[in-house]
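**Q**
As structure tokens, then:
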């Protein structure tokens, strides 16, 4: 066992917007924690982001994290876009406000000072942990 947190997340929505859910499985030193939540009116992207935020909040500060998601939106947002949005006052390159700014601000706060490795997992491709969180989110 390595001294890091391994996370798998997923979000789902019936309709977009519509009722949705999120799930995460956080494993630290062989101990697994499952996080699940629901929202009556949301979007898929909001649920994907919420899953990641809730999972990151569950990890003690100072512990390295490897987080797996099938959401390019979340991964690219966290690793490529967030810094620029923040520097531009939460505006995109076209000057329009960033969608889901409240959640991106939460993501920024929970990521601060942490060593996080983001990994993309193809959804619905038979990856056991991804299938597990997909089932929990739906």
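In the UniProt record's numbering, the protein residues as written are 1 to 138. Note that the Cβ used here is the ideal one computed from N, Cα and C, for glycine as well.
Scan the UniProt domain "RNase H type-1" (1-138) and note each continuous beta strand (DSSP E) run of 3 residues or more that stays entirely inside, going in chain order.
**A** List check, beta strand (DSSP E) in window: 5-13, 18-28, 31-42, 65-69 and 116-120.
**Q** Here's the rule I'm using: 16 or more other beta-carbon atoms within 10 Å means buried, otherwise exposed. How should residue 48 be labelled?
**A** Taking the chain shown and counting its residues from 1, the one referred to as residue 48 is at position 48. With 16 or more other Cβ atoms within 10 Å, it is buried.
**Q** Comparing the C-beta of residue 35 with each C-beta of chain B, is any distance below 9 Å?
**A** Structure shown: chain B not included; a single protein chain is present.
**Q** Please state if the CB of residue 27 and the CB of residue 5 are separated by a distance shorter than 9 Å.
**A** Residue numbering aside, residue 5 sits at position 5 when the chain shown is read from its first letter. Residue numbering aside, residue 27 sits at position 27 when the chain shown is read from its first letter. In this structure, residue 27 lies closer than 9 Å to residue 5 by Cβ.
**Q** Within 10 angstroms of the Cβ of residue 138, are there 16 or more other Cβ atoms? Answer buried if so, exposed if not.
**A** Within the chain shown, numbered from 1, the residue matching residue 138 stands at position 138. Exposed is the call here.
**Q** Buried or exposed: residue 69, going by 16 or more other Cβ atoms within 10 Å of its Cβ?
**A** By 1-based counting over the chain shown, the position of residue 69 is 69. With 16 or more other Cβ atoms within 10 Å, it is buried.
**Q** Mark residue 34 as exposed unless 16 or more other C-beta atoms lie within 10 angstroms of its C-beta, in which case mark it buried.
**A** Taking the chain shown and counting its residues from 1, the one referred to as residue 34 is at position 34. Classification of residue 34: exposed, given that the 10 Å Cβ count is below 16.
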